[in-house]
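Here is the structure we will look at.
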């Protein structure tokens, strides 16, 4: 199993002596007194008792496990019995090996892995030479075979890989927020302009897409009058309601923590911090971009609605994002 | 034991004594499989004794525990993202909409007898598996065990480490709880960050826009329980076959040379020691599973894409990546109609890519630098190679600092300092600490190498104070029996004992 049979091992000498060529060494019988076979333990009798004791503990542990299982005991009691049984049994076996079995040290020769130069050349001739010969004679066939295999590999990639999912297209650029989408909570309840006190916060969705991973939006009431986060967003925050995508622009975690005093949103995954009043621009941490803002309006019945979708793709960056 | 088995083997051949049943079975097998020649060699195989050679065994035995406990879990786990209303035994969740994957994991934990223990043992075994591989790899590195002719086995080991980390992540993502769902979301963003092909890769791997139409859990499941474990099992087979082919390395010592190997024979001494060690490793994992709660997903709640919990952290072996993502500046590139999210791509794709590339290439780089292309079967002590040891320590320090950076928020809370200060400290420490650690390690190695016998002293010193106040040192008396500890000259495994 290890190296090639170049090792000169003595054959079993007990085979008929007639077959033996002259000069074979007599079999190597080690005496039981050989120090290499003596137990490593200083006091083998005592060690035997220790090992016996650990096997007894193992028996108790496993029996206890059976009893604990039968009685439907707490998992930690079953685990304790299992652990005690295994460790005790394992300790006994290992100690038996380490202290009572022939400790040696014994030695084994090590041989170079590489073959002789002749063997190497012979192998190379067979492995490479024959192949080259075949190709040289039938080069055209070789090229055809190559083309055949290449086409197979290409075509096979489609059922194996292409079928795994839809192509991205433009689907990352938009969410299910549309012009006029009603703002609802996770359980589908529409949000009225009177629902939140100043300082209040809700996670909201476009109606019909409750719980959506991509349309999730954090709704914060920062004042009772409109707030302008950035130039051009004068009409986006009726009655002080601000709405931002809840997906962190860093790695996509929900920006779940709101500090009311500093009016900042914190992503608990990698600690990006966004300044709500300035249009959720990142002020700390690895997030590169502001959270996209959702323009809001209030309909005649007093419910919050979206003026349009988000002003830019939500979530972390990707190659096609312009 | 060999003493008992040997007389039988020795006497059957001449037919004068009736062969025993066991002997007849071996003979039967040999006549059909030809096991006698190779089998004898295998039983005589020598395994050197050193505590550090057991680290790889811990990894191997953790894997066996993973397969056994994991098989148990597959009997109850339902790999489905289908939403159902929870009606199980855990009252706080009743009436909530959860996935079947989550509900079945709660069921395993709280209702299946022995289930929680198996789940926790499985999770602990995974953490220990990766840890044991990492420490085993450090042992190989610092003792030069990767040198010719073992470069390929080193590469197999690096691949095993990669697969263990990936499968660990996929495994703890399966229960579909709040924390693991967040982990998948981050993994999705990481794939998305790859320039040019990232979006396509993410859509194909995860089945579309996050959270992927419910295909993530079934896909992760088949990867976790079949594809990667089979590859790991095959690679472990290759790893061990190469170990047998190369024969084990050994430290310098009495009678130990480049062209031999000294230790205990496989049968029975090493077999007993390693079997015992397997049982003890399993026992320790059972103890951890019994008393140290891990991943109590019923407390975290089911994954909802818009929910998040505070102080989110992955399993320990992902910590360095999480830390790197936290301290990376927000360097997104936008222009020419495209975006490259370097703030994710560099720490989460390029860093691990370079890390494992560096691991794969190290044996070849070191041979090139040192012009050492010879076979090495005797191991170095780390101090004998101050430069290698210093580089290794510095690289380890780098990953330790990144690991620490995955706790920026916890540290800021605990130390009552601003998150800003913690973040900037780590941005500097991640470059400073490796340099300092490397220099100190180099110095220590050089000093130790210059002191013959440093670290070898086994006998205590007694310091005596004289009446005038002067101190003198003398070696303590030898411990009774120490003089017997003089090691024997290694001997060939005897052909027979009798």
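Protein chains in written order, with the working numbering: chain A, 897 to 1218; chain B, 852 to 1349. Just so you know, even glycine gets a beta-carbon here, dropped at the ideal spot from N, CA and C. Given the structure is predicted, the values throughout are model-derived calculations rather than measurements.
Take the alpha-carbon of residue 1028 of chain A and the one of residue 1085 of chain B: they are about 32 Å apart. Nearest to residue 1345 of chain B by alpha-carbon distance, out of B/877, B/882 and B/897, is B/897.
Going by C-alpha positions, residue 1129 of chain A is about 35 Å away from residue 1198 of chain B. Beta bridge pairing from DSSP links residue 1312 of chain B with B/1326.
For the C-beta of residue 989 of chain A, the chain B residues within less than 7 Å are, from N- to C-terminus, 1123, 1126, 1127 and 1130. Residue 1072 of chain B and residue 1021 of chain B have their C-alpha atoms spaced approximately 8 Å apart.
Excluding residues up to 5 positions away in sequence, 932 lie with their Cβ nearer than 8 Å to the Cβ of residue 1000 of chain A in the same chain.
Closer than 7 Å at the C-beta level to chain A, one finds these residues of the segment 954–971 of chain B: 964, 965, 967 and 968. Taken in chain order, the whole beta strand (DSSP E) runs of length 3 or more contained in the segment 891–949 of chain B are 934–936. Between the alpha carbons of residue 990 of chain B and residue 1087 of chain B lies a gap of roughly 18 Å. In chain order, 969, 972, 973 and 976 place their CB closer than 7 Å to the CB of residue 920 of chain B, counting only its own chain and leaving out the 5 sequence neighbours on each side. Linking residue 1059 of chain A to residue 1055 of chain B through their CA atoms gives a straight-line distance of about 8 Å. For residue 959 of chain B, the uninterrupted alpha helix (DSSP H) segment begins and ends at 951–961. As for any beta strand (DSSP E) of minimum length 3 sitting wholly inside the segment 1077–1117 of chain A, the runs are 1079–1081, 1097–1102 and 1113–1117, ordered along the chain. In terms of beta-carbon proximity, residue 933 of chain B stays away from the interface with chain A, with every pair separated by 9 Å or more.
Annotation: residue 1006 of chain A to residue 1127 of chain B spans about 28 Å, alpha carbon to alpha carbon.
For residue 1165 of chain A, the C-beta contacts it makes with chain B under 9 Å involve 1033, 1036, 1037, 1159, 1163, 1173, 1176 and 1177, in order along the chain. The alpha carbon of residue 1093 of chain B has as its nearest neighbour, out of B/1266, B/999 and B/1142, the alpha carbon of B/999.
Within 10 angstroms of the beta-carbon of residue 962 of chain B lie fewer than 16 other beta-carbons, which makes it exposed. In this structure, residue 1154 of chain B keeps its C-beta atom at 9 Å or more from the C-beta atom of residue 1153 of chain A. Put simply, the CB of residue 881 of chain B is far from chain A, with every gap to its CB atoms at 9 Å or more.
Per DSSP, the beta bridge partners of residue 1004 of chain A are B/1112. Between residue 1067 of chain B and residue 1040 of chain B, the C-beta gap is not smaller than 9 Å, which leaves the two residues out of contact. With 16 or more other Cβ atoms from the protein chains shown falling within 10 Å of its own Cβ, residue 1175 of chain B counts as buried. The C-beta distance from residue 1105 of chain B to residue 908 of chain B rounds to 24 Å, too long to fall under 8 Å, and the pair is not in contact.
By the criterion of a C-beta distance shorter than 6 Å, residue 1162 of chain A is surrounded in its chain by 1153 and 1169, once the five residues flanking it on both sides are discounted.
Assigned with DSSP and collapsed to three states, residue 971 of chain B falls in helix. Here residue 1037 of chain A has no same chain residue with a Cβ atom under 8 Å from its own Cβ, once five neighbours each way along the sequence are excluded.
When Cβ-Cβ separations below 9 Å define contact, residue 1271 of chain B makes contact with chain A.
In this structure, the CA atom of residue 1011 of chain A is about 37 Å from the CA atom of residue 1040 of chain A.
Among the CB atoms of chain A, one or more fall inside 9 Å of the CB of residue 1097 of chain B.
Relative to residue 1036 of chain B, the option among A/989, A/1150 and A/1056 whose CA is nearest is A/1150. Sequence-distant Cβ neighbours of residue 1242 of chain B in its own chain, meaning closer than 6 Å and more than five residues away, do not exist here.
For the pair residue 904 of chain B and residue 967 of chain A, the Cα-to-Cα distance works out to about 41 Å.
Close to residue 1183 of chain B, with beta-carbon spacing below 8 Å, are these residues of chain A in chain order: 1184, 1185 and 1213. Chain-order list of chain A residues neighbouring residue 1341 of chain B: 1000, 1001, 1002 and 1003, by C-beta distance under 7 Å.
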